[in-house]
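Top line first, the protein sequences correspond to chains E and L.
For the first sequence, the working numbering begins at 11 and goes up steadily by one.
For the second sequence, the working numbering begins at 184 and goes up steadily by one.
The beta-carbon is built from N, C-alpha and C at its ideal position, and this holds for glycine as well.
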Amino acid sequence: MSSRLLEINNLNIAFGSGKNVFNAVTDISLSVSTGQTAALIGESGSGKSITSLSVLKLLPANGRAESGSIRFDDKEILQMTEKEMQKIRGNEISMIFQDAIASLNPAMKVGVQITEGLKYHKQMPKSELITVALTLLEQVGFHNPAHIYEQYPSQLSGGMKQRILIAMAISCKPKLIIADEPTTALDVTIQRQVLDLIADYKIREDASVLMITHDFGVVAEYADWVYVMFGGRIVESGDVFTIFNNPIHPYTKGLIGCIPSLESDGERLKSVYDYSFEEAGYKGRKFAPETYSMESKVYHAPSSLIEVEPGHYVRLFDESEVTIVG
Amino acid sequence: MDKHLISIQNLSKYFVTKTGTHKAIDGITLDIFKGETLGIVGESGSGKTTLGRTIMRLYEPEHGNITFDGLDITHMPEKKLRPYRKEFQMIFQNPYESLSPRLTIGEILEEPLVIQKMLSKEERTKKAYNLLEKVGLPKTSYLKKIHEFSGGQRQRIGIARALMLDPKFIIADEPVSALDVSVQAQVLNLLKDLQSELDLTCLFISHDLGVVHYMSDRVAVMYLGHLIELAPKDELYRNPIHPYTKSLLSSIPIADPERRNAYREPIILPEKPLYPPQLIHVGNEHYVSANMINIKEFEIEDNRNLIRN
């Protein structure tokens, strides 16, 4: 296996202070190897976006990383100053957000916007910027780059804006792209084009991708390694084939089972409630999502991740270890 | 399943903007049979929501006819239409926006009955409790307000309200697209159960082809305001003919990593034709629009005879 570009170890992220501390992310460990796509999958409130924001130190002001470490390219991110971070953002790690409209400057031509990173990080002279911008626009699938260069974001469709964001994200040839639900707002035909562009860049530059998503279909098509998040914790991880062929955690099974398949003959959709640890051979283990949700005050004390087969980790919940918080 | 409940002839709805007339839907001809679920798929801007709202008479159509149970409602005045309104109800995408935050759930559910002047107060309350149970919500919900519920529960309330008047016909416009996938599955199962239990006729609008496949008996594909393909579900998904339908189907991510390198149809997004296309019957109740691309270019199995209808 290739070397680990990003390595997060035992990360805890909390919001608020005093009595109102809320642990959004608990004991997360994950890694992204060079040339690979790792997917962080979970539903709203699972803490997947917060985890990805912490890699760039972009947490909201009331949030902080309490403990743990985030190592990128053998440097500790959590100990970096804001100035050092600025050299990394957009240069070595870049991010593609879900909301393309909010990520673009409405008063600036898109051609100029996509080269801002080059101007800042690489001190590229103005004369070269236009040529590079046109090449980038061509790389993300525009057939008339000179025309697109002159456009403002409001003149482009959602899919085109998302491609502009990708051009911007790849302009400095980053080693890692973090894509936070990059296609959730897009139609399926556009989604495929956008995800293919990210995958093409990854192969061309031997870069890595950390993909945040809620869609197991997208994971199956594009990811090498999968981390399933639930309630601020990773509940199962493994390579994509293991996760699909032999899921163990009821939540993982539920997420896969609840996708309406195009080949099914009207059999009922499954949900996380339809699975248990018992059928996977773990007696006495219980997973009850409703008593482990963010709003509820009852938590099953989870055991640590257990390696059930090489590279396949599952977090088991023990019925006897129920704690009531608050 | 041969008698239609709703019949739409050549329906068009235009919106006039500063830059000109936008033909949101144009020349749609469609029958919805009693007891079936007809799925409408299409991407943003294809006119699927406009079609639903025009059938509901929330928009005035430009051309064409809508017949509901043999009755022409196309230009029926609102006052005359009101008694029939209880027969067709709508489930919206975001119940937090479509339901009042100031009313209790009980008041929200009973409101349609009050407007229609149906049942006594006690009977209305009884019915509201009945429906709460039917959609899987606790009785205590009756006195709560909408903000106290999660997204999936809110959609259950939206469904209960739509069913309060015992409608014959339901339009569900993207009812699950705002929900998390695990909650989405529960709401879809509920909708499907209720539909068969109450023998409802449904128009199910969604951009998600997997969801439409799960819910529908027949599927209609919309593209740029036109109806371009219509067929029984399995026929459409197994044997798409129109190049846009093919692109749409081949773009869906398959939840199976073993098949990620399988051949995919290239994505083709045809130009919008000037005139609404004619639907041509190609057998097996499968219709495809034909003036977009020459019918001869379509790959149609040899044993099929083209019949113009």
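is_contact[residue i, chain L] using C-beta, thresh 8 Å
i: Ala110(E); result: no
i: Met11(E); result: Note that Met11(E) scores a pLDDT of 46, beneath 50, so its modelled location is shaky; the value from the coordinates is reported in the next line. Not closer than 8 Å to any Cβ of chain L, the Cβ of Met11(E) fails to qualify, so no.
i: Ser306(E); result: Because the pLDDT at Ser306(E) is just 46, under 50, the model does not fix this residue reliably, and the point stays unresolved.
i: Thr47(E); result: no
i: Gln201(E); result: yes
i: Arg214(E); result: no
i: Pro270(E); result: yes
i: Pro320(E); result: no
i: Phe107(E); result: no
i: His224(E); result: yes
i: Val282(E); result: yes
i: Gly151(E); result: no
i: Arg278(E); result: yes
i: Ala230(E); result: yes
i: Ile266(E); result: yes
i: Val198(E); result: yes
i: Gly10(E); result: Because chain E spans 11 through 336 in this model, residue 10(E) falls outside it and cannot be assessed.
i: Ser54(E); result: yes
i: Val245(E); result: no
i: Val238(E); result: no
i: Val347(E); result: An answer regarding residue 347(E) cannot be provided, because it is not within the stretch 11 to 336 covered by chain E.
i: Ala24(E); result: no
Any chain E beta carbon closer than 8 Å to residue i
i: Gly203(L); result: no
i: Ser324(L); result: no
i: Asn467(L); result: no
i: Ser430(L); result: yes
i: Met184(L); result: At Met184(L) the pLDDT is 44, less than 50, meaning the model places this residue with poor confidence; the figure from the coordinates comes in the next sentence. Closer than 8 Å: no.
i: Pro426(L); result: no
i: Glu226(L); result: yes
i: His396(L); result: yes
i: Leu188(L); result: no
i: Asn422(L); result: no
i: Lys328(L); result: no
i: Ser399(L); result: no
i: Val359(L); result: no
i: His409(L); result: no
i: His390(L); result: yes
Closest by C-alpha distance to residue i, when choosing among the options
i: Gly319(L); options: Pro426(L), Asp417(L) and Leu374(L); result: Leu374(L)
i: Ile38(E); options: Ile80(E), Glu53(E) and Pro70(E); result: Ile80(E)
i: Asp275(E); options: Gln338(L), Asp363(L), Tyr420(L) and Arg337(L); result: Tyr420(L)
i: His159(L); options: Phe287(E), Ala143(E), Leu175(E) and Glu273(E); result: Any answer about residue 159(L) is impossible in this case: the structure gives chain L only from 184 up to 492.
i: Tyr458(L); options: Leu410(L), Pro440(L), Glu468(L) and Ala445(L); result: Leu410(L)
i: Lys186(L); options: Gln299(L), Lys217(L) and Leu194(L); result: Lys217(L)
i: Ser324(L); options: Thr287(L), Leu386(L) and Leu264(L); result: Thr287(L)
i: Ala189(E); options: Gly55(E), Ser104(E), Phe82(E) and Pro257(E); result: Ser104(E)
i: Ser430(L); options: Gly225(L), Asp214(L), Leu194(L) and Thr212(L); result: Gly225(L)
i: Gly168(E); options: Phe107(E), Gly57(E) and Leu265(E); result: Phe107(E)
i: Thr212(L); options: Pro244(L), Ser227(L), Glu441(L) and Asn248(L); result: Asn248(L)
Beta-bridge partners of residue i, as assigned by DSSP
i: Ser328(L); result: Note that residue 328(L) is Lys in the sequence shown here, rather than Ser. DSSP output for Lys328(L) lists Thr287(L) as bridge partner(s).
i: Ser195(L); result: His246(L)
i: Glu17(E); result: Ser41(E) and Arg81(E)
i: Asp356(L); result: Ile388(L)
i: Gly203(L); result: Thr200(L)
i: Met131(L); result: Only positions 184 to 492 of chain L appear in the structure, and residue 131(L) is not among them; the question remains open.
i: Glu412(L); result: Val404(L) and Val471(L)
i: Gly73(E); result: Phe25(E)
First through last residue of the alpha helix (DSSP H) which encompasses residue i
i: Arg236(L); result: Lys231 to Ile238
i: Gly341(L); result: Gly334 to Leu346
i: Gly121(E); result: Val120 to Gln123
i: Arg401(L); result: Note, Arg401(L): premise wrong, no alpha helix (DSSP H); beta strand (DSSP E) at Arg401 to Tyr406.
i: Pro266(L); result: Glu261 to Arg268
i: Met273(L); result: No alpha helix (DSSP H) holds Met273(L); the beta strand (DSSP E) holding it covers Phe271 to Ile274.
i: Thr308(L); result: Lys304 to Lys317
i: Ser281(L); result: Pro278 to Ser281
Residue i - containing beta strand (DSSP E), residue span
i: Gly222(L); result: Thr220 to Val224
i: Met134(E); result: Where Met134(E) is concerned, there is no enclosing beta strand (DSSP E), given that its DSSP letter is neither H nor E.
i: Leu383(L); result: Looking at the DSSP string, Leu383(L) is not in any beta strand (DSSP E), and its letter there is neither H nor E.
i: Tyr458(L); result: Premise fails: Tyr458(L) is in no beta strand (DSSP E) and is neither H nor E.
i: Val471(L); result: Tyr470 to Ser472
i: Thr428(L); result: No beta strand (DSSP E) contains Thr428(L), which is instead part of the alpha helix (DSSP H) from Pro426 to Ser434.
i: Met90(E); result: Taken as a continuous stretch (DSSP letters only), Met90(E) belongs to no beta strand (DSSP E), as it is neither H nor E.
i: Ser104(E); result: Ile103 to Ile106
Residue i beta carbon near the ligand ATP (any heavy atom closer than 7 Å)
i: Leu314(L); result: Looking for the ligand ATP in the displayed structure turns up nothing, as the structure carries no ligands at all.
Return the chain-ordered ranges of every beta strand (DSSP E) run that is complete within the segment 212 to 298 of chain E and spans a minimum of 3 residues. Those beta strand (DSSP E) runs which fall completely within the segment 212 to 298 of chain E and span 3+ residues are 218 to 223, 235 to 240 and 243 to 249.
Mind pulling the beta strand (DSSP E) runs of 3 or more residues that sit fully within the segment 155 to 216 of chain E? Residue ranges of uninterrupted beta strand (DSSP E) with 3 or more members, entirely inside the segment 155 to 216 of chain E and ordered along the chain, are 186 to 190.
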